[in-house]
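Remarks on the structure that follows.
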Amino acid sequence: MSDPAPWYAEGLRFTCTQCGNCCRGPEPGYVEVDADEVAAIAGFLGIDVREFGKRYLRRAAHGAVSLTEKPNLDCVFWRDGVGCEVYEVRPVQCRTFPFWPEVLESEDSWLEYSAECPGMDRGKRYTLAQIERSLHEGQPTGRSRKLPLA
2 MSDPAPWYAE GLRFTCTQCG NCCRGPEPGY VEVDADEVAA IAGFLGIDVR EFGKRYLRRA
62 AHGAVSLTEK PNLDCVFWRD GVGCEVYEVR PVQCRTFPFW PEVLESEDSW LEYSAECPGM
122 DRGKRYTLAQ IERSLHEGQP TGRSRKLPLA
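Under this note's numbering, the sequence shown has 92 at position 91, and the numbering climbs by one with no breaks.
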């Protein structure tokens, strides 16, 4: 017997408006990164990986390596009036939003998140296969635990 189709089996619409609601405070958060993501962002910024680690990485409470936050809890790469400064090479966690397990848990959770995200239920329709690929891609790998922070 196969599992029943998820509530989003017909697909979901989403387009990033770069509103920053998922990038800014008021609560602390984690943007986990792995070595490949660190190298890509450091290269994009034109700095050495070690220097990137000193400036922009921290060890999260759960042990993974995360991007730092500004004192106001915004992502270190968010700039008002500009948006994400590393959008082209943003981490998988950012690229796969809103196709995260906690968002897709139920239609109610999708609606709850969409109240804060103006790009949800708008724009491109993602198929079930695309959503499931994002879900799989966005799963933590534990690879960030091995990154040097200094």
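Glycine included, every Cβ here is placed at the ideal spot set by N, Cα and C.
Find the nearest neighbour of residue i within the set the options, judged by alpha-carbon distance.
i: ASP75; options: ASN22, VAL87 and GLN140; result: ASN22
i: ARG96; options: ARG134, ASP4 and ASP122; result: ARG134
i: PRO29; options: PRO72, ARG123 and ALA65; result: PRO72
i: VAL39; options: PRO92, TRP8 and TYR114; result: PRO92
i: PRO7; options: TYR114, LEU105, MET121 and HIS137; result: LEU105
Count the other C-beta atoms from every protein chain shown that fall within 10 angstroms of the C-beta of residue i, then say buried if there are 16 or more, exposed otherwise.
i: ALA62; result: exposed
i: GLN140; result: exposed
i: GLU117; result: exposed
i: GLU33; result: buried
i: ALA65; result: buried
i: ASP49; result: exposed
i: ALA10; result: exposed
Between the alpha carbons of residue i and residue j, how many angstroms are there, rounded?
i: GLY84; j: CYS20; result: 7 Å
i: GLN131; j: TRP101; result: 12 Å
i: CYS24; j: PRO5; result: 34 Å
i: SER3; j: GLU70; result: 43 Å
i: TRP111; j: GLN94; result: 17 Å
i: LEU129; j: LEU46; result: 34 Å
i: TYR57; j: LEU68; result: 6 Å
i: PHE53; j: ARG59; result: 11 Å
Please look up how many angstroms separate the CB atoms of residue i and residue j, rounded, as I've assumed it's under 8 Å.
i: PRO119; j: THR18; result: 5 Å
i: GLY12; j: ARG126; result: 5 Å
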